[in-house]
Amino acid sequence: MLRAYAYVDGSDLDEIGDQLAEVFANFLPTWGISSARLVNDKSPRTPDLHGDDLPDWNLGLNFETERLSLAEFNQLILFLSRTAEQTQREFVIGGYGPSSRFAEDWGYIGTHVERPELQSLQDILVGPQR
4 MLRAYAYVDG SDLDEIGDQL AEVFANFLPT WGISSARLVN DKSPRTPDLH
54 GDDLPDWNLG LNFETERLSL AEFNQLILFL SRTAEQTQRE FVIGGYGPSS
104 RFAEDWGYIG THVERPELQS LQDILVGPQR
């Protein structure tokens, strides 16, 4: 079972956070992954943050799946690419593999995605295609 996320990259979301949350909320019912849910979790400011440091802000989707179908994967990538174009923000896809205890970022989706990175994401989320 993969526990995965697709979040906006960065924490400087004060001006665009509400818009992005709405865009993700509108995508959820069209995607059809029953475990997918909206995440909009802004951590409080802590004393260890200095000056212009921003607290973490996880905004995007969490989902669990054995594997995505190729159609579900393509729908997610298209959604993130279009949203990146509209907002000039990048998105990070990552999660926990079947045997890992710590989350890791698997790849980034922006207005342009290199084929090797897209293939790597597909191998993780869909599985190798023959």
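Numbering-wise, the sequence shown is residues 4 to 133 according to the numbering used here.
Cβ coordinates follow ideal geometry from the N, Cα and C atoms, glycine included.
Values in this document were obtained by computation on a predicted structure and should not be read as measured data.
Per-residue DSSP class, three states only, for residue i
| i | result |
| --- | --- |
| G97 | strand |
| R85 | helix |
| R6 | strand |
| E67 | strand |
| L23 | helix |
| A28 | helix |
| I36 | coil |
Cβ shell of residue i (< 6 Å), same chain only, five flanking positions each side left out
| i | result |
| --- | --- |
| A24 | N43 |
| A1 | Within the shown structure, residues of the chain are numbered from 4 to 133, placing residue 1 beyond reach of any answer. |
| N61 | Y10, V42, D44 |
| D55 | none |
| A7 | F66, G98 |
| R92 | V11 |
Residues near residue i in its chain [Cβ-Cβ closer than 7 Å; skip 5 each side]
| i | result |
| --- | --- |
| A106 | G97, G98, Y99 |
| V26 | T86 |
| I36 | F66, T68, E75 |
| G190 | Residue 190 lies beyond the stretch modelled for the chain, which goes from 4 to 133, so this question has no answer here. |
| Q78 | W34 |
According to DSSP, residues forming a beta bridge with residue i
| i | result |
| --- | --- |
| N61 | D44 |
| V11 | F94 |
| E75 | None, per the DSSP bridge assignment. |
Limits of the beta strand (DSSP E) - the one that residue i falls within
| i | result |
| --- | --- |
| I112 | 107-112 |
Contacts around residue i, its chain only, beta-carbon distance under 8 Å, and the 5 residues preceding and following it disregarded
| i | result |
| --- | --- |
| E88 | T114 |
| I80 | I112, V116, L121, L124 |
Segment limits, alpha helix (DSSP H) that includes residue i
| i | result |
| --- | --- |
| L124 | 118-128 |
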